[in-house]
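Residue numbers (this note's numbering), protein chains in the order written: chain F, 1 to 322; chain X, 1001 to 1322.
There are 2 protein chains.
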Amino acid sequence: MQELIAYAEYLEEKIEQIDLPNSPSNLYDPLRYFLKLGGKRIRPILTLLSAEMFGKDKDYALDAALAIELFHNFTLIHDDIMDQAPLRRNKETVHVKWNTNIAILSGDVLFVKAYEMLTNYQNDQLKELFNLFNKTASEVCEGQQLDMDFEKSENVSIDEYIEMIRLKTSVLLGCALKFGGIIGGTNESNKNHIYTFGQHVGIAFQIQDDILDLFADPDKFGKQIGGDVIANKKTLLNLKAKELANEEQHKELIRLSNEENVKIKVEQTLKLYLELGVREACENIMREHYNTAINALSQIQAPEKHKNNMLALADYLMVRNS
Amino acid sequence: MQELIAYAEYLEEKIEQIDLPNSPSNLYDPLRYFLKLGGKRIRPILTLLSAEMFGKDKDYALDAALAIELFHNFTLIHDDIMDQAPLRRNKETVHVKWNTNIAILSGDVLFVKAYEMLTNYQNDQLKELFNLFNKTASEVCEGQQLDMDFEKSENVSIDEYIEMIRLKTSVLLGCALKFGGIIGGTNESNKNHIYTFGQHVGIAFQIQDDILDLFADPDKFGKQIGGDVIANKKTLLNLKAKELANEEQHKELIRLSNEENVKIKVEQTLKLYLELGVREACENIMREHYNTAINALSQIQAPEKHKNNMLALADYLMVRNS
């Protein structure tokens, strides 16, 4: 994945060069700060790779890639407020380092800057990018709202949960990739397949994220094992456990959700999930989405070399920390 | 101004017909609620009048007008959070009726809906609308940030204050009108003049708003006389008073800002402002901007009938409550 690092470095340099105004400093300094926190820059890399797959130089796809990355950062700034998150990549979040009002407003203006990145494209291409960007932005907001709704709801089905993660996180991957297809001027079928690929890789990735909370290798996992369990967070593991549990096991799940000893809570939840076969059941769903993604990729008419790059990226995403 | 009412009713009907999704209801119900709170719909009326002035039917300008109105409502929802405002048009604000997270997120998605309204325009026209919309949206955010900054600053010059109101409120009027020029396909000179007209009418209107706080006819004024004075809000009156005051009067201004008896505070501030000639000084600045606006309008090449309508609207805005 040496190549991915080169793309990430290229993007990092271009992000640094984004020309944000200096004044008002309380509006734009938080953006400079937040954009420097880094990240894997997976989403804009997808746009660059996809454009190349469809025959366009990555420089031509850069602005669209940056639109995706700026939009993603806008959603993070606002999500951090909503989640009352103190840290992002081990640094203070904008609403903590400045304040909530500044985080709202600098998020808003970052959203505008994301749109501005699209204005260098022409006519039909502009229109197609603009339409997909609007659709995706609405869906991401809907996903975030469903996520907040679900935290307060007792009855969330697995289908609803997967629809939530599709909207909240996966459509943006689809959008990032389809941007490359639009810029490359490929046919509708290819554009749809690359979108499907991105969307289902995204869903599989999020499911993996849920699974890793409890089943990751502690030495490789960057976070506390069982963090979601401790917080009684709704995840696919948790929903699947409820689905598979008999009456007695259901009571045990409720008891564990109220268990105050964190160590016991995680250990006993893990034990119960193993009994129920929760991990395998979730991995099956994950694999289904991953296979849908790979199948869509295989149907794309493009040079094998580029399709293999795309596959390598998907594999890279799916094996981290596990 | 019978004609304006017809435009407002036309817009009210079209706003009602905007097709917002039903789900997630916590995301879209707040928007349905907020858009029904009404308002004078001045901004979208400007777009319609401007398009007609430049020879296009108002139906053709409708989506651009709605983009302006939706954007305006998005800023109100977020501003209400930042200002901790409990009421908007005597109804609960979104962050009070629902909560802050929902107000942030439904504001965000309303912003997307505003952009979506532009996608029905084609090619160069789309691009020109999109560019101006982005520029305006950034400026409005900058103006709101400056407004928040100024409330905490001891040294705000009159020029800085007017630049703040230009960004926060007036560029959107300019944008609304120039949208009509773009849609009407008029020349650059006309587009610039109509923008200047809107921007300076906007500044004059905001200055009038500041003046009316203390100098309105109490029987016609909808709000408490001296509300800004009581709240020690920075307004043009207040900044002008500081500028004109000698050392002793300066001390009196500081004393009055700490006066706890509201009636005495307003009465004595009024008396001091009269001594200083604050009202006339502010009215001079207001008139300057109004004249700049009217001068720009006079230079537009368009049928006199339409220019007279535009003038009537400006006059209507400038005589309310005074």
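No residue lacks a Cβ here, since even glycine has one placed at the ideal position from N, Cα and C.
All values reported here derive from a predicted model rather than from experimental measurement.
- Query: How would you label Gln17 (chain F), buried or exposed, when you count the other beta carbons within 10 angstroms and need 16 or more for buried?
  - Reply: exposed
- Whole-Å CB distance - His1289 (chain X) paired with Ala1204 (chain X), under 8 angstroms assumed: 4 angstroms
- Task: Give the secondary structure of Arg1088 (chain X) by DSSP, where H, G and I count as helix, E and B as strand, and everything else as coil.
- Result: strand
- Task: Check Leu1027 (chain X) in the structure and name its three-state DSSP category.
- Result: helix
- Message: Please state the DSSP three-state secondary structure of Gly143 (chain F).
- Response: helix
- Item | Cβ-based burial, Ile1104 (chain X) [other Cβ within 10 Å; buried from 16] | buried
- Can you tell which of X:Gln1301, X:His1250 and X:Asn1291 has its C-alpha closest to the C-alpha of Ser1189 (chain X)? X:Gln1301
- Task: Please compile the residues from chain X whose C-beta is within a distance smaller than 8 angstroms of the C-beta of His78 (chain F).
- Result: Ile1104, Leu1105 and Asp1108
- Item | the region 95 to 103 of chain F touching the region 46 to 57 of chain F, judged by at least three CB pairs closer than 8 angstroms | no
- Please confirm if the region 1171 to 1184 of chain X is in contact with the region 1251 to 1266 of chain X, defined as three or more CB-CB distances below 8 angstroms between the two stretches. no
- Query: Pairing CB atoms from the region 1 to 8 of chain F with CB atoms from the region 1110 to 1129 of chain X, are three or more of them under 8 angstroms?
  - Reply: no
- Is it the case that the Cβ atoms of Val1112 (chain X) and Thr1136 (chain X) are separated by a distance below 8 angstroms? no
- Cα-Cα, which of X:Met1310, X:Asp1209 and X:Leu1239 is closest to Asn1155 (chain X)? X:Leu1239
- Under a Cβ-count criterion, where at least 16 other Cβ atoms within 10 Å of its own Cβ denotes burial, should Glu247 (chain F) be classed as buried or exposed? exposed
- Message: Rounding to the nearest angstrom, what Cα-Cα distance links Leu132 (chain F) and Gly227 (chain F) in this structure?
- Response: 35 angstroms
- Length of the line joining the Cα atoms of Arg88 (chain F) and Gly1180 (chain X): 43 angstroms
- What first and last residue would you give for the alpha helix (DSSP H) that runs through Ile1294 (chain X)? Val1278 to Ser1298
- Query: Among residues of its own chain, excluding the 5 on either side of Tyr1121 (chain X), which ones have a beta-carbon nearer than 8 angstroms to its beta-carbon?
  - Reply: Asp1063, Ala1064, Leu1129 and Ile1183
- Item | Local Cβ density within 10 Å of Tyr1195 (chain X), reported as buried at 16 or more and exposed below that | buried
- In three-state DSSP terms, what is Tyr1010 (chain X)? helix
- Query: For chain X, is any of its Cβ atoms less than 8 angstroms away from the one on Phe215 (chain F)?
  - Reply: no
- Query: How about the region 229 to 237 of chain F and the region 277 to 291 of chain F: do they share at least three Cβ pairs that are nearer than 8 angstroms?
  - Reply: yes
- So the alpha helix (DSSP H) Val96 (chain F) belongs to, where does it begin and stop? Val94 to Lys97
- Message: Using 8 angstroms as the threshold, is the C-beta distance between Met1286 (chain X) and Gln1199 (chain X) below it?
- Response: no
- Query: Would you call the region 1160 to 1167 of chain X and the region 134 to 154 of chain F in contact, with 3 or more CB pairs under 8 angstroms?
  - Reply: no
- If contact means a Cβ-Cβ distance below 7 angstroms, which residues of the region 1011 to 1032 of chain X contact chain F? Pro1024, Asn1026 and Leu1027
- Message: If we require 3 or more residues per run, which beta strand (DSSP E) segments fall completely within the region 105 to 189 of chain F?
- Response: none
- Message: Within 8 angstroms of any Cβ in chain F, is that where the Cβ of Leu1126 (chain X) sits?
- Response: yes
- Which residues of chain X have a Cβ atom closer than 7 angstroms to the Cβ of Asn101 (chain F), listed in chain order? Met1082 and Met1148
- So is Lys220 (chain F) buried or exposed if we call it buried at 16+ other beta carbons inside 10 Å? exposed
- Item | Distance between Pro218 (chain F) and Ser322 (chain F) (C-alpha atoms, nearest Å) | Its pLDDT being 42, under 50, Ser322 (chain F) is placed unreliably in this model, and the coordinates cannot settle the point.
- Query: Mind checking whether Phe1197 (chain X) and Ala1296 (chain X) have CB atoms under 8 angstroms apart?
  - Reply: yes
- Message: If you follow the alpha helix (DSSP H) that Leu76 (chain F) is in, where does it begin and where does it stop?
- Response: Lys58 to Met82
- Query: Is the beta carbon of Leu1027 (chain X) sitting closer than 8 angstroms to the one on Cys282 (chain F)?
  - Reply: no
- Query: Can Ile1045 (chain X) and Leu1011 (chain X) be called in contact, C-beta distance under 8 angstroms?
  - Reply: yes
- Item | Closest residue to Arg43 (chain F) among F:Gly185, F:Glu69, F:Asn309 and F:Asp147 (Cα-Cα distance) | F:Glu69
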